[in-house]
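Student: Have a look at this one before I ask anything.
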Amino acid sequence: AVLGLLHSIWKPMPGRFKDYIAMPKSNMYQSLHTTVVTPKGEPLEIQIRTWEMHKTAEYGIAAHWKYKEKVDLKKDKKIEERLSWLRQILEWQKDLKDPKEFMENLKIGLFQDEVFTFTPKGDVKILPLDSTPIDFAYLIHTDVGHRCVGAKVNKKIVPLNYKLKSGDIVEILTSKSSRGPSRDWLKIAKTSGAKNRIKIWFKKEMREENIQKGKELFEKEMEKYKIETSSELAKKLKEVSIELGFTELESIFENIGYGKLTPYQVLSKIIPQDKISPIIP
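Here's what the structure looks like:
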């Protein structure tokens with residue numbers, strides 16, 4: 001649990017993990033060693049060890065810490081689950097002689113439904129499995145997502161539908177002249193956060209266009225039922241706008257424009273039913 005937490009905060013340096021708990025030194029020294037890269041780009045060695053070996057065998061390397069804090073491990077299911085993971089990791093280390101094979105199992109086993117990615121500065125970004133550079137970009141900042149024109153993973157250009165993996169260092173390429181996201185991104189993005197921001201962008205960006213389109217559709221609907229524009233109609237339209245929860249009249253036309261409302265739905269709230277044909281478009 002502690003090891004996984006450390007590696008989720010700082011990028012681990014490959015080949016610098018040593019397990020002296022599973023294989024003690026000749027002087028009986030026992031500890032876990034891992035070297036990580038700090039936000040400043042400097043290597044930092046971290047040593048994790050217990051006070052008593054029987055606590056390590058029973059609970060894992062975080063046992064003394066939990067004991068000192070007087071936390072009941074049996075009542076804290078989340079901590080117990082993480083300690084179980086750690087006990088499993090130590091078993092893997094005993095069984096796997098190849099350090100590379102061990103590290104691959106460690107990376108896969110700890111967080112199977114998440115990927116731990118990094119910015120070029122070493123900041124950790126946790127994303128769901130199968131996330132793409134688009135998800136990464138919007139996780140950094142909405143503007144970074146909107147201005148994204150490409151991505152590099154581990155210093156190599158990748159397509160925006162590339163599926164990120166744990167350990168990937170992701171650099172988002174942006175441009176101030178970018179025209180914004182593509183509708184295709186909605187099919188590529190994995191996270192709801194990225195998808196929602198893309199949808200909001202299109203809704204805001206195309207607001208004027210939708211308002212104009214909505215007005216035209218509403219006018220055609222009025223012509224269809226031979227209804228003329230009047231001050232009374234405008235007054236009722238404002239009342240319907242408030243009834244539907246809109247703060248301004250144009251929001252009705254906007255919603256008609258992008259298809260959330262039909263012209264008939266609005267008109268039927270304004271004109272008596274006996275004056276409107278029962279045929280719904």
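As numbered in the UniProt record's numbering, residues 1 to 281 make up the sequence shown, in order. Backbone N, C-alpha and C fix where the C-beta goes; we use that ideal spot for every residue, glycine too.
1) Do three or more CB pairs link the stretch 131-149 to the stretch 179-194 at distances below 8 Å?
2) Which same chain residues end up closer than 8 Å to Lys-220 when comparing Cβ atoms and leaving out the 5 residues on each side of it in sequence?
3) In whole angstroms, what separates the C-alpha of Trp-230 from that of Ile-271?
4) Count the other C-beta atoms from every protein chain shown that fall within 10 angstroms of the C-beta of His-7, then say buried if there are 16 or more, exposed otherwise.
5) Pull up the DSSP beta-bridge partners for Val-158, would you.
6) Where does Gln-265 sit, in a helix, a strand or coil, going by DSSP?
7) So for Glu-114, helix, strand or coil by DSSP?
8) Exposed or buried, which one is Gly-145 when buried takes at least 16 other CB atoms within 10 Å?
9) When you compare only the Cα positions, how much space is there between Ser-175 and Phe-253?
10) Please classify Tyr-138 as buried or exposed, where buried requires at least 16 other C-beta atoms within 10 Å of its C-beta.
11) Count the other C-beta atoms from every protein chain shown that fall within 10 angstroms of the C-beta of Glu-171, then say buried if there are 16 or more, exposed otherwise.
12) Could you check whether the stretch 242-258 touches the stretch 206-213, counting it as contact only if at least three pairs of C-beta atoms, one from each stretch, sit closer than 8 Å?
13) Which residues mark the beginning and the end of the beta strand (DSSP E) in which Lys-125 is found?
14) Looking at Leu-173: is its Cβ nearer than 8 Å to the Cβ of Ala-151?
15) From Ser-192 to Lys-18, what does the alpha carbon distance come to, in whole angstroms?
16) Checking 8 Å against the spacing of the C-beta atoms, do Leu-3 and Thr-34 come in under that value?
17) Spatial neighbours of Ile-149 within its chain, please: C-beta separation below 8 Å, excluding the five flanking residues on both sides.
18) Between the alpha carbons of Lys-121 and Leu-44, how many angstroms are there, rounded?
19) For Val-240, collect the residues of the same chain with a Cβ closer than 8 Å to its Cβ; drop the 5 residues on either side in sequence, then sort them by chain order.
20) Inspect the beta-carbon positions of Val-115 and Ser-31 and report whether they are closer than 8 Å.
21) Just to confirm, is the Cβ distance from Thr-117 to Leu-127 under 8 Å?
22) Taking the continuous alpha helix (DSSP H) assigned at Gln-212, which residues delimit it?
23) In three-state terms, what does DSSP make of Ile-256?
24) Per DSSP, Ile-172 is paired with what?
25) Using a Cβ-Cβ cutoff of less than 6 Å, which residues in the same chain neighbour Tyr-258 once the five nearest sequence positions on both sides are dropped?
Tutor: Inspection of the coordinates gives the following:
1) Yes, the stretch 131-149 is in contact with the stretch 179-194.
2) Reading the sequence shown from its first residue, position 220 is the one you call residue 220. Within the same chain, Lys-220 has close Cβ partners Pro-263.
3) By one-based count along the sequence shown, residue 230 stands at place 230. By one-based count along the sequence shown, residue 271 stands at place 271. It should be pointed out that residue 230 corresponds to Ser in this sequence rather than to Trp. Their Cα atoms are separated by approximately 12 Å.
4) Reading the sequence shown from its first residue, position 7 is the one you call residue 7. Its Cβ being crowded by 16 or more others within 10 Å, His-7 is buried.
5) Here residue 158 is taken as the residue at index 158 of the sequence shown, counted from 1. Per DSSP, the beta-bridge partners of Val-158 are Ala-151.
6) Translated into the one-based positions of the sequence shown, residue 265 becomes position 265. Correct three-state label for Gln-265: helix.
7) Position 114 of the sequence shown holds residue 114. Strand at Glu-114.
8) What you label residue 145 is simply residue 145 of the sequence shown in a count that begins at 1. Buried, by the Cβ-count rule.
9) The residue you call residue 175 lines up with position 175 of the sequence shown. The residue you call residue 253 lines up with position 253 of the sequence shown. Between the alpha carbons of Ser-175 and Phe-253 lies a distance of about 33 Å.
10) Translated into the one-based positions of the sequence shown, residue 138 becomes position 138. The Cβ neighbour count for Tyr-138, taken over all protein chains shown within 10 Å, is at least 16; the residue is labelled buried.
11) By 1-based counting over the sequence shown, the position of residue 171 is 171. Per the 10 Å Cβ criterion, buried.
12) Counting Cβ pairs under 8 Å, three or more are found: they touch.
13) Mapped onto the sequence shown, residue 125 falls at position 125. Looking at the DSSP string, the run of the beta strand (DSSP E) that includes Lys-125 is 124-128.
14) Taking the first residue of the sequence shown as 1, we reach residue 173 at position 173. Taking the first residue of the sequence shown as 1, we reach residue 151 at position 151. Judged by their CB atoms, Leu-173 and Ala-151 are nearer to each other than the 8 Å cut-off.
15) Position 192 of the sequence shown, counted from the start, is the residue given in the question as residue 192. Position 18 of the sequence shown, counted from the start, is the residue given in the question as residue 18. If I take the Cα positions, the gap works out to 38 Å.
16) As a position in the sequence shown, residue 3 is number 3, starting the count at 1. As a position in the sequence shown, residue 34 is number 34, starting the count at 1. At the C-beta level, Leu-3 and Thr-34 come within 8 Å of one another.
17) Taking the sequence shown and counting its residues from 1, one reaches residue 149 at position 149. In the sequence on display, residue 149 carries Val and not Ile. For Val-149, where only same-chain residues beyond five positions count, the Cβ hits under 8 Å are Leu-173, Thr-174, Ser-175, Ser-178.
18) For this step, residue 121 is matched to residue 121 along the sequence shown. For this step, residue 44 is matched to residue 44 along the sequence shown. When rounded, the distance between both Cα atoms is 15 Å.
19) As a position in the sequence shown, residue 240 is number 240, starting the count at 1. Only Ile-252, Val-266, Lys-269, Ile-270 meet the Cβ criterion.
20) Walking along the sequence shown from the start, residue 115 turns up at place 115. Walking along the sequence shown from the start, residue 31 turns up at place 31. For Val-115 and Ser-31, no; Cβs fall outside 8 Å.
21) Counting from 1 along the sequence shown, the entry for residue 117 is found at position 117. Counting from 1 along the sequence shown, the entry for residue 127 is found at position 127. Yes; because the gap between Cβ atoms is below 8 Å, this pair is in contact.
22) Looking up residue 212 in the sequence shown gives position 212. Gln-212: member of the alpha helix (DSSP H) spanning 207-224, first to last residue.
23) Numbered from 1 along the sequence shown, position 256 holds the residue referred to as residue 256. Reduced to three states, the DSSP call for Ile-256 is helix.
24) In the sequence shown, residue 172 corresponds to position 172, counting from 1. Paired residue(s): Ala-151.
25) Locating residue 258 in the sequence shown gives position 258, where the first residue counts as 1. Hits under 6 Å: Asn-210.
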